[in-house]
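These notes are about the structure you will find just below.
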Amino acid sequence: MALADCKRTMEMCCRCSCCKFIPLERIEGYRYADVCPSVARYNLHAYSGGGRIGMAVGMLEHRFEYSDSFLKVLYDCQMCGGCDVSCKYMMDMEVLDPINEMRITCVESGRSLPVLDRLRDNLRAKGVMVGTAAENRWAEGLDVPDVEEKKTKVVYHAGCRTRADQEQWNAARATLALLKKAGVDVGIARGELCCGGRAYEMGYKEDFLKAAERKTDQLKRSGAEVVVTGCADCFQALSVLYDRFGVKGGVEVLHTTEYFNRLIKEGKIRPSKRLEVKVVYHDPCHLGRLGEPYIHWDGREIPGHIRLFDPPKELRRGGRGVYDPPREILTSIPGVKLLEMGRRREYAWCCGAGGGVAESNPDFAAWTANERIEEAFSTGAEALVTACPGCERAFRSSARKHGSSMKVFDIAEVLGKAI
Amino acid sequence: MALEKGVYRAFEDIVGPDNISEEPAILDAYAWTGIVLKARKSLAPDTNEDECGRFALRCEAVVLPGRTEEVQATVRLCNNHGLKFKAFSTGWIGGNMVWEPGVIQIDLRRMNRILEINEKNMYAVIEPYVIGAQLQAELMKIGLNCNITGGGSQTSALPIAAHWGTGHTAHSTSNGERSLLALEWVTPQGDVVRTGSLGSTGEWFCGDGPGPSLRGVVRGSITPFSGMGVYTKAATKIYHWPGPATFPIEGASPSYRPSEIPPRFIIRYFSFPTMESRAEAMRQISESEIAFELMGFPIAMIASNMATSNQEERELFARLSKEVKGPGFIVIINGSSDREFAYRTKVLKAIIDSTGGTSLPAMEDPAIGGAQMWRFIRITASIRETFRATGDHSGVFPGHNEFVPVVRLARDIAKVKRELQKKDLILDDGAEAFPWTEEYGNLAHAEVLYRFSANPASLDGVKHLNEESVKLAVNERAGVPFFVTGDELHDIFGPAASNYHVWLRRIKKAFDPNGAADSGSYITARDE
Amino acid sequence: MIYDELVGIVGARHVAQAPEVLEAYSKDMSFSHPVMPDCVVRPRNARDVQKIVQLACETRTPLTPVSSGSPHFRGDTVPEAGGAVVIDLSGMKKIIRVDRPNRVAMCEPGVTFAELIAATDAEGLRLNAPLAPRQSKSVVGSLLEREPVLIPRYHWDISDPLACVEIVFGTGDVFRTGSAAGPGTIEEQWRAGSAQRASSGPSQASFHRIIQGAQGTMGVVTWASVACEVRPRIEESFLVGSRDLERMTELLHWLVKLRLVNECLLLNRANVAALLAEKWPDSCLEAKESLPPWVLLFCTAGYDYLPEERLDYQIKDIRDVCRRVGVDPVPVLSGIPASLFLDVVRRPSAEPYWKLRERGGCHDIFFLTVYDKLPGLMELMAGLAGDAGYAATEMGVYLQPIVQGTSCHCEFNIYYDLRDAVESERVRELDRKAMGKLAAAGAFFSRPYGESARTMMNRDAATARALTKIKAVFDPNNIMNPGKLCF
């Protein structure tokens, strides 16, 4: 779908500003009413979903050059989809897709951010966004088969972020330990390739498609029936994007939280150790609202004074992402008191890391993460638990930067402590 | 016309480099109105845009002041350099439109604080970018509520932000014009005026005096859309809220619903065999003072509001249309005590029985009715009723008067709407007017809303509807309608209405001799 | 001197130049400096008014409008400038319309409360009226002065119950405010079902607000429409007595917030006695001594819809509120039946006017404030009165929640012997000092009159400057009551 294909949906935007806020029904106070970190931080309307839509129409009408300032506005966006969910509470239109197409258009026009180009270049050259595919130091010493050598039923996909960030290794190791404890036949790819999902969001569509094909091949070769990942970005890429672009292959994609929850319900792991702690759970965007299954549709718009489609078109509105499994995991652990932040589930505040922002504007990413940490504190929680290495990195870095005492855990770590 | 570098720098010195832009792409985000301008005559003076264009003109720069002092300095700078300014809060439906070169847009987004909630004296003080949902949510925690503009609680809570400020609960919470207490106002020349008690004692409880009230010039039944300067803080009346501190909402977007309807709350939709019987029921409900909310929604709007997609809406509209007897209304009753609630519901039943009303079964279902109730209290889904169909929507707003004339005018405008529907120029969603009462029936307001797909034929039809509406409004003696803004319409209605346009122009000239405050949706001070 | 021209407009019978007449209009019961007008003209209708104003405009003759009969109290009807013509509208006594379905009445400036109440009563309506106005008080005059009214529940906005007016601006142009502006003549609007009930507008200004509080400095109003309420079928009223002002205001807050009551006001015992003195078999002094320091009167009502049941639940809910606040509402307090008291406060005062009965004179100091400030302001005023040699216990206090409880009208009534020059001077001095000190302590003089008006206006220079611009629009020649306020 090119930007021009989005014209009709973009013209639906009536500039109501709902995209700046969580769904109005869910606002519980003055604070924590914003959903869009971009406009909350930078305030200019252009930074909102609706503002970007307006610019997108401007792009189609060739109203301006793609200046550095324009690119800054476009890329100071975590692509979190909060605007999309809030808009779709009311409207039958897409917001995030056109914004993504704006980036793709810029990249295709030769205008992109050098700092993100470096990630793309690494992906092209080495099959991963950072480092090399062969770097799996997180798995050193672990007795886990390489699926390139021995087929297993389940393949655990760590993801680039986990592999490159030592502070995330605990989560990966805890995941494998849990899976093994549950008797799961699990392996990893020692030369794990990137899913390519982040490249897509950054606008490198062709690179994403190539990476997706490579990854799908790798998964096919592994012979696995299930790929499980603890990275929300990867989960979304493997389950949603791959499906959307027809490169999915036959493997079932699960996030670790879905899988752990299944295993707990099957009695294969039993959280029995008591952990006296008050926690909040942060819904990663790509596991939650963006992790909702893709809905294929092939039809036409019926001309008329109300936008209807033949066959009827169902929109992805964010409500069917993975929200309950992580919560059920936490509440199954004795002693854990699960609190909820005001912004949660399909209208959760972003961690700040997505869309290339962690690389292109680390200050903005840190600011976004700090907002979330403050929100976590406001509940009385002692720890913030989430299910994505990108989110964890964002929160840990921000906590450090701002001197916060909020502890940050991956859900696998917490569950691991309870076994 | 690009700003001279020195001028740009002067604005930058006021608000800081992060809070100003003249980047074309950013200005296009501001120029994007999202609505087809040719359909909005009253908000959109003729432009050279293409038939279905949705971009207004780009401003010279957009500035985002964070404090009143920055607003004042910005306005003064505009005066000094022969620039105009257009100030707005959320800037929806024409609130931020620019029509000529040389305009600085003043986006008040950074002024977004709730400054005071005075429980004992029932007022809240807010800045322009506090939205209705935020204020209401804070108020509900302490048993209070506010009036919210009918367009939705994503709009400013300021009772003088834009438009008229009537909304779903106006029956018991009045409207914007009459909710305003003290105001901090930066005039078009850059003076800071604090009205009423604010200017004399520093307190917000009264917006009038000493002597005559400046509330008389800062707005009327509709606001000046920045034509009289910038409103930087205001106190608004707040009201008792007998409901829960937070509504117990569950579910996932777009299908939220309360886990239970709070105690002492009820919502119903009643339809009537005739407009007269509905009018009589509304009159009696008004005089009995039992209702929290009373709005004459056409069933099409109910269907739109309930449905989470256009597809669902058409199916629901088809089904619900068969279940109603004729024109109807939503009524929400609540009570501060069980006794009060019992009394009110008993009276409601008696009134409905005596006027021949029929209850819509869907609304009696706690799951559906409860969800509807919360949407109508928080006002979250007006956009489903208006823009979701095609993104293009408009309406004729007869205004604000007594029930009988305003409803008759709306009914007659609706007949023109029907003609357009028969020619398939606009969506066929019934051709009912949409009336509601304010202040227990002291006042009434009505609208005729329509949805359409922007194409030249439909736009011609809409143009015809607007023109006929003007004629009907002049002829039917129902007051000056709310769609009357801008020189052209004022010049039509003014001579028919005590030449108010002459006085409005003189007021404008007195306060804005340099013509700095954009008057595209107000009136200009041109010579008589 | 435009006497002849005035005679040409209204006829000689309606233009007075007799010294005793001019003397009567040259002063009032305030401390305003007497200024003799040149003549007094009594228009018969709106056409007369317009011609008079146009004449005054051409000849730059100051005009001072008067609509109530004497006695006047505030100084706004006394010319400030020499060579003024008093335009006395008290003879324009037409009750133009009472419209029950739309709950609105329309009348000329000379109509008094007694007259309009009788007319609205007959149609099943009632006025939201001020506290026991004098017999000669003009309804239109009261509305234009933004006088506080007794039923805060129906006081949605400070301009209520004024709806629309027809005014001749200082330019000589006729204008109608709100929905009365048009389109159409008033008669055409009636035929169309309109009733001149919506006050805001027309369009993007709310002209009625500029006219209210203006003390006749913008123009001359020739009729006003006034919002009415449905007359109750049944009512029950109660009194609450207390020494504790804060408890009383807490009660007021809740009764108004929950919209349980209609009339609702708080008086100190001096004012209760002053209002009821004629009704008592005993002296005013004895009445004061038997009453608690504060007396709150409220009334609850049932209308056309299950009135008894409405009354019943409201009374029970009120009792719940009173229990929470820690007070006990009674139908009779210190021998005073609440129903009798209610009747006194909401009807025009019997003659002599209640404020003048005790000592012959009364000077009012009134302002707006919020509940929390009241104790401090009470204490301040008591101290100031004491310093001036005036016993605070002799002073009347009237507290009226307004605008649905968003503020409170606070009024000190200083009773004194008019004939006693020393006492009069003491009261005048007290007034001067008190206004300044009270304003500094947060009292908002929204309707400043007399000597201190200019001082109060100038406390807020920005507002004064803005008002001057408005004045220049509507009365560019400054013929309308020049010298008042900041003009």
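Protein chains in written order, with the working numbering: chain A, 55 to 473; chain B, 41 to 568; chain C, 34 to 520.
C-beta: ideal position from N, C-alpha, C; glycine also.
Answer yes or no: do residue i and residue j have a C-beta to C-beta separation smaller than 7 Å?
i        : j        : result
Gly251/B : Leu518/C : yes
Gly172/B : Ile188/B : yes
Leu341/A : Ala286/A : yes
Val447/B : Leu505/B : no
Asn495/B : Ile360/A : no
Trp244/B : Ala275/B : yes
Thr440/A : Pro338/A : yes
Gln271/C : Cys297/C : The question names Gln, yet the displayed sequence has Phe at residue 271/C. No, the pair does not count as a contact, with Cβ atoms beyond the cut-off.
Ser258/C : Ala196/C : yes
Apply the 10 Å Cβ neighbour rule to residue i and answer buried if 16 or more other Cβ atoms are within range, or exposed otherwise.
i        : result
Leu123/B : buried
Ile419/B : buried
Ile325/B : buried
Asp552/C : In the structure displayed, chain C extends from 34 to 520; residue 552/C sits before or after that span and is not available.
Ala454/C : exposed
Gln220/A : exposed
Glu467/A : buried
Val102/B : buried
Only counting the same chain, and skipping five residues up and downstream in sequence, which positions put a Cβ closer than 7 Å to that of residue i?
i        : result
Tyr296/A : Ala266, Thr270, Lys302
Gly409/C : Ala474
Ala472/C : Phe478, Met489, Arg492
His188/C : Asn161, Val182, Ile435, Val436, Gln437
Met395/A : Val334, Glu429, Ala430, Thr433
Arg80/A  : Tyr401
Asn88/B  : Reliability of the predicted coordinates at Asn88/B is poor, the pLDDT of 48 falling under 50, and no value is obtained from them.
Glu380/B : none
Leu177/C : Ile244, Gln245, Val254
Residue i touches chain C at which residues, Cβ-Cβ below 7 Å?
i        : result
Met162/B : Lys290, Gln437, Gly438, Thr439
Tyr540/B : Ala214, Pro235, Ser236
In chain A, which residues lie less than 8 Å from residue i when you measure between Cβ atoms?
i        : result
Gly192/B : Cys70, Cys72, Leu78
Tyr383/B : Going along chain A, no residue has its Cβ under 8 Å from Tyr383/B, so there is no contact; the nearest lies around 30 Å.
Determine the chain C residues that contact residue i at a beta-carbon separation under 8 Å, and present them in chain order.
i        : result
Lys386/B : Leu339, Glu342
What residues of chain B sit near residue i, judged by a beta carbon separation below 8 Å?
i        : result
Ile356/A : Under the 8 Å cutoff, chain B gives no residues; its nearest Cβ is about 10 Å from Ile356/A.
Glu82/A  : Ala177, Thr286
Ala87/A  : Ile171, Ala173, Gln174, Ala177
Short of 8 Å in beta carbon distance, which residues of its chain neighbour residue i, apart from the five on each side in sequence? Order them along the chain.
i        : result
Trp223/C : Arg130
Gly241/A : Val198, Pro199, Asp200, Val201, Lys204, Lys205, Thr206, Val208, Val209, Tyr210, Ser276, Ala278
For residue i, which residues in chain B fall below 7 Å Cβ to Cβ?
i        : result
Gly372/A : Ser293
Tyr143/A : Ser293, Pro294
Can you name the residues of chain B whose CB is closer than 9 Å to the CB of residue i?
i        : result
Leu362/A : Asn350, Gln351, Arg354
Please go through the same chain and pick out, in chain order, the residues whose beta-carbon is closer than 6 Å to the beta-carbon of residue i, but skip the five residues on each side of it.
i        : result
Phe374/C : Leu330
Gly136/A : Val89, Cys90
- Using a Cβ-Cβ cut-off of less than 7 Å, list which residues of the region 181 to 214 of chain C approach chain B; keep chain order. Identification of residues in the region 181 to 214 of chain C having a C-beta nearer than 7 Å to some C-beta of chain B yields Trp189, Asp190, Ile191, Phe208, Arg209, Ser212, Ala214, given in sequence order.
- Item | Residues in the region 501 to 515 of chain C having any Cβ partner in chain B nearer than 7 Å | The region 501 to 515 of chain C vs chain B, Cβ under 7 Å: Lys502, Ile503, Ala505, Val506.
- Residues from the region 274 to 294 of chain B in contact with chain A, defined by Cβ distance under 7 Å: Contact residues of the region 274 to 294 of chain B toward chain A are Thr286, Ile289, Ala292, Ser293, Pro294 (C-beta to C-beta distance below 7 Å).
- Message: Please list, in chain order, the residues of the region 513 to 539 of chain B that have any C-beta partner in chain C closer than 8 Å.
- Response: Ala513, Val514, Asn515, Glu516, Arg517, Ala518, Gly519, Val520, Val524, Thr525, His530, Phe533, Ala536, Ala537, Ser538, Asn539
- Query: What residues in the region 255 to 277 of chain C bring their beta carbon closer than 9 Å to a beta carbon of chain B?
  - Reply: Ala260, Val263
- Task: May I ask you to list, following chain order, the residues of the region 406 to 427 of chain B that have a beta carbon less than 8 Å from some beta carbon of chain C?
- Result: Per Cβ criterion, the list is empty.
- Task: Using a Cβ-Cβ cut-off of less than 7 Å, list which residues of the region 237 to 250 of chain B approach chain C; keep chain order.
- Result: Ser237, Gly239, Ser240, Thr241, Glu243, Phe245, Cys246, Asp248, Gly249, Pro250
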